[in-house]
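Using my numbering, the first residue of the sequence shown is number 233, and each one after it goes up by one. Glycine included, C-beta positions come from ideal geometry on N, C-alpha and C. The next block holds one structure in the form of structure tokens; read it before the comments.
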Amino acid sequence: MAGEQQASPDGTPRPLGTALTVLLAAIGGFAIGNLYWAQPLLGVIANDLGVSTGTAGSLVTLTQLGYAVGIVLIVPLGDMVDRRRLIPLLLALSVVALIACAVAPTYTSLLVAVAILGVTTVAGQVVIPLAGDLADDATRGRAIGTVMTGFLAGTLVSRTLSGAVAQLAGWRAIFVVAAAVCLVLAVLARRNLPALVPSARMSYPALLASVGTVIRTHRLVRWNLVLGGLQFALFMMFWTALTLLLTQAPYSYTPLTIGLLGLFGLAGAVAAQHTGRLHDRGWSMRATGAGWILALVAMAIAAVGEHSLPLIIVAIVLLHLAIFPMNVLVSARLFAVVPEGRSRVNTAMIAANFLAGAVGSALVAPLWSAGGWNAVTTAGVVLCLAGLLVWIIGRRGALHQTA
Numbered sequence: 233m234a235g236e237q238q239a240s241p242d243g244t245p246r247p248l249g250t251a252l253t254v255l256l257a258a259i260g261g262f263a264i265g266n267l268y269w270a271q272p273l274l275g276v277i278a279n280d281l282g283v284s285t286g287t288a289g290s291l292v293t294l295t296q297l298g299y300a301v302g303i304v305l306i307v308p309l310g311d312m313v314d315r316r317r318l319i320p321l322l323l324a325l326s327v328v329a330l331i332a333c334a335v336a337p338t339y340t341s342l343l344v345a346v347a348i349l350g351v352t353t354v355a356g357q358v359v360i361p362l363a364g365d366l367a368d369d370a371t372r373g374r375a376i377g378t379v380m381t382g383f384l385a386g387t388l389v390s391r392t393l394s395g396a397v398a399q400l401a402g403w404r405a406i407f408v409v410a411a412a413v414c415l416v417l418a419v420l421a422r423r424n425l426p427a428l429v430p431s432a433r434m435s436y437p438a439l440l441a442s443v444g445t446v447i448r449t450h451r452l453v454r455w456n457l458v459l460g461g462l463q464f465a466l467f468m469m470f471w472t473a474l475t476l477l478l479t480q481a482p483y484s485y486t487p488l489t490i491g492l493l494g495l496f497g498l499a500g501a502v503a504a505q506h507t508g509r510l511h512d513r514g515w516s517m518r519a520t521g522a523g524w525i526l527a528l529v530a531m532a533i534a535a536v537g538e539h540s541l542p543l544i545i546v547a548i549v550l551l552h553l554a555i556f557p558m559n560v561l562v563s564a565r566l567f568a569v570v571p572e573g574r575s576r577v578n579t580a581m582i583a584a585n586f587l588a589g590a591v592g593s594a595l596v597a598p599l600w601s602a603g604g605w606n607a608v609t610t611a612g613v614v615l616c617l618a619g620l621l622v623w624i625i626g627r628r629g630a631l632h633q634t635a
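Listed below in structure tokens is the structure:
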């Protein structure tokens, strides 16, 4: 079992202490930030490289697809190799990809670079199951919630930081800054992460195949994957469309202003830090249902707030208060189902999330062409209703007895 493999490099037990938790959260935050540097800059990048804003939205889609590929092919290795070596290596590869983004001369070359960045920036998804392995059973939900707070804050702060740096030094500068930070984190990870005995001893093809086995074997895993995918599709669709809305009249906001609006979602990251305790206390199912109801309210407010910045801000706060805690609850439930293969079940979850996220962001262009903001928010309401339906199905069935 993963809980029996905790050891430091000298072979002595090593729990998940505060300093190590902070490092794992920082790695996760900056790694996930690599997926969002370009999001508030779509208009600026489009003007600089001579493409339409709608076309520039493909940068978000390609990054998400690349990330999904990295999740499927790389993250399962966390169950088979020493993560003290794997995590720094992945961070170093991200540095190379970030530099390629910074110097990309054309839109096509930038597309290729962000796709590669997506593939390489999966170090953060290796640290989540590592936190689950290092924590004990009584505090695992809390530990996962704390580490994931770094991820969730990274999705928000990355937009603000990206907008601020672009305002001062152009859109390419943020990729240089991110490369420098990832390099520092790679060094810190190599020096401070504990070495753990791998939980899986099998060939690489068998390891990848076992991800599918986990999904087929556990109904609870499949149910949680659907819930996670729906909420992430909603999140990506909302933010991609919001960027388009805010760059056009009557707002015409700069990338910095758009990035600053993302900070209103930090309330969701703070809530997520404590959400793991709900799982530890057996309240996971009720909290998930409440999250979908809150997301539905958020999208309804967004739908009527197209021309009202205060209503848009309320929608941002409520949507993040809904989605970020649900993310923690899905992870905690999945890690409890397959304790001996947390990296592999995390692979399944994140791959499903980011494939769904890619679909969500890709839907924005046709929805925007068909009906603008109203069409996007209507689709968001439909996704929320679908999430509630899936939750109800699990709530009424045998799933609730194990969730």
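Secondary structure of residue i, DSSP reduced to three states
{"i": "methionine 312", "result": "coil"}
{"i": "threonine 338", "result": "coil"}
{"i": "threonine 353", "result": "coil"}
{"i": "serine 435", "result": "coil"}
{"i": "glutamine 480", "result": "coil"}
{"i": "leucine 204", "result": "The chain is shown only over 233 to 635; residue 204 falls outside these bounds and no answer can be derived."}
{"i": "asparagine 266", "result": "coil"}
{"i": "threonine 486", "result": "coil"}
{"i": "glycine 249", "result": "coil"}
Inter-residue spacing [alpha-carbon to alpha-carbon] between residue i and residue j
{"i": "threonine 324", "j": "tryptophan 403", "result": "In the sequence as presented, threonine is not what sits at residue 324; that position holds alanine. Computed Cα separation, rounded: 22 angstroms."}
{"i": "alanine 385", "j": "glycine 356", "result": "13 angstroms"}
{"i": "valine 327", "j": "isoleucine 625", "result": "44 angstroms"}
{"i": "glycine 382", "j": "threonine 340", "result": "32 angstroms"}
{"i": "isoleucine 319", "j": "serine 540", "result": "43 angstroms"}
{"i": "glycine 612", "j": "methionine 469", "result": "8 angstroms"}
{"i": "glycine 494", "j": "histidine 552", "result": "10 angstroms"}
{"i": "isoleucine 331", "j": "valine 549", "result": "33 angstroms"}
{"i": "isoleucine 555", "j": "proline 482", "result": "28 angstroms"}
{"i": "glycine 377", "j": "leucine 466", "result": "21 angstroms"}
{"i": "glycine 249", "j": "valine 379", "result": "12 angstroms"}
{"i": "serine 442", "j": "valine 577", "result": "10 angstroms"}
{"i": "serine 435", "j": "threonine 445", "result": "15 angstroms"}
{"i": "glycine 619", "j": "alanine 263", "result": "27 angstroms"}
{"i": "leucine 321", "j": "alanine 418", "result": "7 angstroms"}
{"i": "alanine 597", "j": "threonine 387", "result": "22 angstroms"}
{"i": "alanine 329", "j": "alanine 580", "result": "24 angstroms"}
{"i": "proline 426", "j": "threonine 352", "result": "22 angstroms"}
{"i": "valine 570", "j": "alanine 334", "result": "40 angstroms"}
{"i": "alanine 568", "j": "arginine 433", "result": "21 angstroms"}
{"i": "cysteine 616", "j": "valine 608", "result": "13 angstroms"}
Given residue i as reference, the closest of the options once Cα atoms are compared
{"i": "alanine 270", "options": "Val346, Phe262, Leu599", "result": "Val346"}
{"i": "alanine 438", "options": "Ile548, Leu425, Ala401, Val304", "result": "Val304"}
{"i": "phenylalanine 496", "options": "Val419, Ala396, Thr392", "result": "Thr392"}
{"i": "glycine 302", "options": "Pro272, Thr338, Val354, Ile277", "result": "Val354"}
{"i": "valine 560", "options": "Ala597, Pro571, Arg317, Leu510", "result": "Leu510"}
{"i": "arginine 423", "options": "Ala288, Pro487, Leu252, Gly500", "result": "Leu252"}
{"i": "threonine 472", "options": "Ile348, Ala278, Ala594", "result": "Ala594"}
{"i": "methionine 558", "options": "Ser575, Ile525, Val254, Gly573", "result": "Ile525"}
{"i": "glycine 275", "options": "Thr489, Leu420, Pro361, Ala375", "result": "Thr489"}
{"i": "alanine 583", "options": "Val335, Arg454, Val344", "result": "Arg454"}
{"i": "valine 358", "options": "Val608, Leu599, Ser575", "result": "Ser575"}
{"i": "threonine 521", "options": "Ala278, Asn585, Val622, Leu267", "result": "A small correction: the amino acid at residue 521 is glycine; threonine does not occupy that position in the sequence shown. Checked all of Ala278, Asn585, Val622, Leu267; the closest Cα to glycine 521 is Val622."}
{"i": "glycine 289", "options": "Leu457, Ile447, Thr475", "result": "Thr475"}
{"i": "tyrosine 299", "options": "Asn585, Val608, Leu543, Ala527", "result": "Asn585"}
{"i": "leucine 203", "options": "Ala398, Leu309, Ile544, Gln399", "result": "This structure leaves residue 203 out entirely; the chain is present only between 233 and 635."}
{"i": "leucine 457", "options": "Ile306, Ser563, Leu492", "result": "Ser563"}
{"i": "asparagine 266", "options": "Ala401, Thr338, Ala412", "result": "Ala412"}
{"i": "arginine 317", "options": "Leu420, Thr338, Leu498", "result": "Leu420"}
Does the structure place the segment 581 to 597 close enough to the segment 291 to 298 that three or more beta carbon pairs sit under 8 angstroms? yes
For the segment 501 to 516 and the segment 532 to 548, state whether three or more C-beta atom pairs, one from each stretch, are separated by less than 8 angstroms. no
Output the residue ranges of the alpha helix (DSSP H) runs that lie fully inside the segment 501 to 562 and measure 4 residues or longer, sorted by chain position. 516 to 536
Quick one: which unbroken beta strand (DSSP E) runs of 3-plus residues sit fully inside the segment 564 to 591? Chain order, please. none
Counting Cβ pairs, one atom from each stretch, are 3 or more of them under 8 angstroms apart for the segment 456 to 476 and the segment 254 to 267? Because the criterion of three Cβ pairs below 8 angstroms is not met, the segment 456 to 476 and the segment 254 to 267 do not touch.
State whether the segment 277 to 290 contacts the segment 303 to 314, with contact taken as three or more CB pairs (one from each stretch) at a distance under 8 angstroms. no
If we count Cβ pairs, one from each stretch, closer than 8 angstroms, do we get three or more for the segment 500 to 512 versus the segment 393 to 401? no
Run through the segment 360 to 423 for me and flag every whole alpha helix (DSSP H) of 4 or more residues, listed as ranges in chain order. 372 to 401
Just to confirm the assignment: which complete beta strand (DSSP E) runs, minimum length 3, are found wholly within the segment 275 to 322? none
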